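Structure first, commentary second.
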Amino acid sequence: MLKVSKTVNDFSLIQVSNPSTLELQTLVKTYHATSETLSYAIDPNERARAEIDEENNSFLIIFHALSSLYNAGIQTEPAAFLFLPKALVIFTHDSTHYVNKIMDRNLKTLLRKTLNKPVQLNSSLMVNAVFNTIYELTMRFNDAVSRINYDRQAIQDKFKTRLNHSGIQSMLQLETSLIYLLTSLKSNTSLLNSMMRLPNLNLTKAQRNRLEEIIIESEQSQEMAQLSSDIIEQVSKSYSDILDNNLNNTMKFLTILSIVLAVPNIVFGFFGQNVKLPLADQGWSWLVTLEISSLLILIVYLIVNWSNFFKK
């Protein structure tokens, strides 16, 4: 889909999602985008980066945004901003289509500030709108980390009453989500820092200050995600150790129980053989089998207790 949402003074804001070959050709012919740049912009696995094409006078920003689809946990997908001489093209996927709404809102806010002034929809205004959008996308990572911490605390509260493997699996899913977040945050932070170092990126002082604010927020989000990841990793390991220890104790108990239950069978089976045994013809000889069984069980208990079997 290719949608031209605004056109003022021959400058256009274009929203692209799941584009067809014909729509990509339109961007090449009408707005002079290159096929190589477009292939980067629509790639769902493209890393976060910034790239200037001086020959074609274009600037590409690929930023990892949170996916709006949480079926498999919190994940991220790239959203691309392509600056062309006469257009800003925003590339999103189904799970990042909300980026367009944020961009539209930020652009309306900036245009509202130019009320009673000539409207100039140009690349400088678009840079401000894109930076404000990226700032909001970065802040969403803080919300995602906070949600993960809330879910972790809820799982830990359940562990106070009952510890089970399903809870451990939920913790592992949270840890997986944090891995996605951390990877994307590191890529985004690297992208933002590289933009500060681009020699041919002509930014105003206000735009550089805004970019520095975004970098600070991205680094803080990265630190929060790393701290949460460390906490979940340690908590999961601790509870896994407890479960393993409980399982070991259960197996030890069952081992001793099987030995204890085997002792009477051995004694009763021995006296049940068709051989002449002492006291076998007495009416009270069955009491002897019980006494022998009890004595052997006591010996087993003393051996187990002496060897500290349950303390190992």
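Be aware that the sequence shown starts at 30, since it is given in my numbering, and climbs by one per residue. No residue lacks a Cβ here, since even glycine has one placed at the ideal position from N, Cα and C. Predicted model, so just to flag it, every value in this text is computed and none were measured.
query: Return the Cβ separation of residue 317 and residue 289 in integer angstroms, given the expectation that the two are a contact with Cβ distance under 8 Å.; result: At roughly 19 Å, the Cβ-Cβ gap does not stay under 8 Å, so residue 317 and residue 289 are not in contact.
query: In terms of alpha-carbon separation, which member of 155, 142 and 242 lies closest to residue 225?; result: 242
query: Report the rounded CA-to-CA distance for residue 79 versus residue 127, giving the unit in angstroms.; result: 21 Å
query: Please check the pair residue 173 and residue 210, which I expect to be a contact at CB under 8 Å, by giving their CB distance rounded to whole angstroms.; result: 6 Å
query: Ignore the nearest five residues each way along the sequence and tell me which others in residue 109's own chain have a CB closer than 6 Å to its CB.; result: 70, 91 and 120
query: Taking residue 170 as the reference, give the member of 321, 252, 54 and 67 with the closest Cα.; result: 252
query: On the three-state DSSP scale, how would you describe residue 95?; result: strand
query: For residue 268 versus residue 192, is the C-beta distance shorter than 8 Å?; result: yes
query: Helix, strand or coil for residue 116 per DSSP?; result: strand
query: Along the chain, where does the alpha helix (DSSP H) that runs through residue 185 open and close?; result: 152–188
query: Can you find the residues in the same chain that come closer than 6 Å, C-beta to C-beta, to residue 104, ignoring five residues on each side of it along the sequence?; result: 96 and 209
query: Residue 257 and residue 177: beta carbons closer than 8 Å?; result: yes
query: Considering only C-alpha positions, which residue in the set 195, 189 and 200 is nearest to residue 180?; result: 200
query: Can you tell me where the beta strand (DSSP E) with residue 79 in it begins and where it stops?; result: 78–82
query: Can you tell me which of the three DSSP states residue 284 falls into?; result: helix
query: Just reading off the alpha helix (DSSP H) that residue 68 is part of, what are its end residues?; result: 64–71
query: From the DSSP output, in three-state form, read off residue 233 for me.; result: coil
query: Looking at the structure shown, is residue 240 part of a helix, part of a strand, or coil, going by DSSP?; result: helix
query: Below 7 Å CB to CB, which residues in the same chain sit around residue 262 once its five sequence neighbours on both sides are set aside?; result: 204
query: Which whole-angstrom value is the C-beta distance of residue 139 and residue 158, which I expect to be below 8 Å?; result: 6 Å
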